[in-house]
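Using our numbering, you'd call the opening residue of the sequence shown number 12 and step up by one each time. For every residue, glycine included, the Cβ atom is placed at its ideal position computed from N, Cα and C. Before any comments, here is the structure.
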Amino acid sequence: MHFSNTIRAIIFDLDGTLRVNRPAINETFYRFAEELGLSSSRRQQRKAAQWAHFYWAQSDTLASDLEALGHDDEGFWANYVKRNLVALGCPEENANTLAPKMRHKMKNQDFDSCVPADVPNTLQTLKNEGYTVGLVSNRRRPIDEELRELGLSPFLDFAYVAGEVDVWKPNPQIFDRAIAEAGFSCEQMIYVGDNYYADIVGAQQAGMVPILIDPERVFPDATCTIIQSIGEIPGLLTPSI
12 MHFSNTIRAI IFDLDGTLRV NRPAINETFY RFAEELGLSS SRRQQRKAAQ
62 WAHFYWAQSD TLASDLEALG HDDEGFWANY VKRNLVALGC PEENANTLAP
112 KMRHKMKNQD FDSCVPADVP NTLQTLKNEG YTVGLVSNRR RPIDEELREL
162 GLSPFLDFAY VAGEVDVWKP NPQIFDRAIA EAGFSCEQMI YVGDNYYADI
212 VGAQQAGMVP ILIDPERVFP DATCTIIQSI GEIPGLLTPS I
């Protein structure tokens, strides 16, 4: 499909969208689970990935875990690993045993923070075609330095995180600042993200046009435009600016 020529701004999520982990965290988790004796089908892996996306989209479960365990406490992450194992199909009693071993494996795995190869060229193309380009992340802490290190800053007209405005996706109010900074109506703005529950639902509620980036096909039935790579975006636009 092509979007109408009224689009004036494209706003991006950061994690899983403009920045990814290598190796991929989900695939690494499934591989370690198999090493620990928990095999899983592609269907089970998709279900677990959907659960993780829902969990991080300001779910009630996340809120209760944060209240009980804190943001950065090792206990929080051990508990998260156990929940993720259960979501992958592990019986809860077995998850209690496997969780410490899985946490140890994940904690000691080196992950590289990467910008996919097509991202810089795509952002430059959007800038050259006159679009406003911004970033809205659900992070708690400012990311200005990280954006510079990733080489993304030159392409962005603005960037902010949920912690700065004290509102988290999918709450549509997190997009109010983006709409104000871009200076366009919500209908003239696209939001691109990888989490259906946080990014797509939030953008839809804010009146923006959502695009889901889903290279692992976690959400094959999502009710929005789906892409597998950022490089597909320019081909969906009809420039008029």
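query	result
DSSP beta-bridge partners for M200?	A20
In angstroms, rounded to a whole number, what distance separates the CA positions of E227 and G81?	30 angstroms
Please return the same chain residues whose Cβ sits closer than 6 angstroms to the Cβ of N32, not counting the five positions on each side in sequence.	F122
Just the C-alpha distance for L25 and S196, rounded to the nearest angstrom, thanks.	22 angstroms
For T17, collect the residues of the same chain with a Cβ closer than 6 angstroms to its Cβ; drop the 5 residues on either side in sequence, then sort them by chain order.	Q199
Going by beta carbon distance, what residues of the same chain come within less than 7 angstroms of P183, once the five residues before and after it are set aside?	G213, Q216, A217
To the nearest angstrom, how far is it from the Cα of I238 to the Cα of Q56?	20 angstroms
Would you say the region 98-109 touches the region 40-59, given that touching needs at least three Cβ pairs under 8 angstroms?	yes
What does the Cβ neighbour count give for G27, buried or exposed, with the cut at 16 atoms within 10 Å?	buried
Cα-Cα, which of Y142, I154, G194, E140 is closest to A173?	I154
Jot down the residue ranges of each uninterrupted alpha helix (DSSP H) in the region 47-127, minimum 4 residues, whole runs only, in chain order.	53-67, 71-80, 85-98, 103-118
So, do the region 203-211 and the region 48-68 have three or more beta carbon pairs nearer to each other than 8 angstroms?	yes
CA-CA distance, G204 and S240?	11 angstroms
Can you tell me where the beta strand (DSSP E) with T236 in it begins and where it stops?	236-238
Distance, Cα to Cα, P127 vs E157?	15 angstroms
Closer than 8 angstroms is the cut-off here; do at least three beta carbon pairs connect the region 82-93 with the region 111-119?	yes
Over the uninterrupted beta strand (DSSP E) stretch that includes L134, give me the two end residues.	Where L134 is concerned, there is no enclosing beta strand (DSSP E), although the alpha helix (DSSP H) it sits in stretches over 129-139.
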